[in-house]
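Notes follow once the structure below has been shown.
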Amino acid sequence: MSNRTRTITLMLPLMMSACMQATSVNGMQKREPVLVADSPRDGTAIITCVSAAWLKLGGATPKSVPRETGAMLVLGDNFPLLMVQTTPTPTGTHLVMHQFKTVWSDNDRHRVEEVRACL
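For reference, each letter of the sequence shown is one residue, going -22 to -1, 1 to 97 in mature numbering (1 follows the signal peptide of the UniProt record, and there is no 0).
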């Protein structure tokens, strides 16, 4: 067994246990947000903009879910990778973004900037 294979084999249980925390929308909501912001834009316009940006990623299609107060956009069917929640405010929309962080920090930052551009 090569050193690389051995390292991957030893790290796999650790990575899997870290992933278990965010295997659902509820698990994702318990994670610390990567972006909390207010916008003068309407929540529907923000969700539409973010959804279009995420569609460019390819793969899974983002799903918009209405909530009692606002909306939620989730990318990833069985394993949510990105999630944005919007809540209307008297001056616009309050937004909270959660993200399953990867080892590619530049890519993670890019996802946050995509959402920020929609504000």
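Ideal Cβ positions, reconstructed from N, Cα and C, are used throughout, including at glycine. Because the structure is a prediction, the values reported are computed rather than measured.
### Query
Roughly how many angstroms lie between the CA atoms of residue 161 and T39, to the nearest whole one?
Here the chain has residues from -22 to 97 only, and residue 161 is not among them.
#### Entry: Proximal residues to Q(-2) (C-beta, below 8 angstroms), its chain only, five neighbours per side dropped
Residue placement at Q(-2) cannot be trusted, given a pLDDT of 46 that sits under 50; the coordinates are not used to answer.
### Task
Mind reading off the beta-carbon distance from G54 to R19? Whole number of angstroms is fine, and I expect it under 8 angstroms.
About 24 angstroms separates the two Cβ atoms, so there is no contact after all.
### Task
Give the secondary structure of A38 by DSSP, where H, G and I count as helix, E and B as strand, and everything else as coil.
coil
### Task
Could you name the residues of the same chain whose beta carbon sits closer than 7 angstroms to that of P68, not counting the 5 residues immediately before and after it, in chain order?
none
### Task
Excluding the 5 residues preceding and the 5 following E92 in the sequence, name in chain order all residues of the same chain whose CB lies nearer than 6 angstroms to its CB.
A31
### Query
Under three-state DSSP, which class holds S2?
coil
### Message
Using a Cβ-Cβ cutoff of less than 7 angstroms, which residues in the same chain neighbour R89 once the five nearest sequence positions on both sides are dropped?
### Response
L60, Q77
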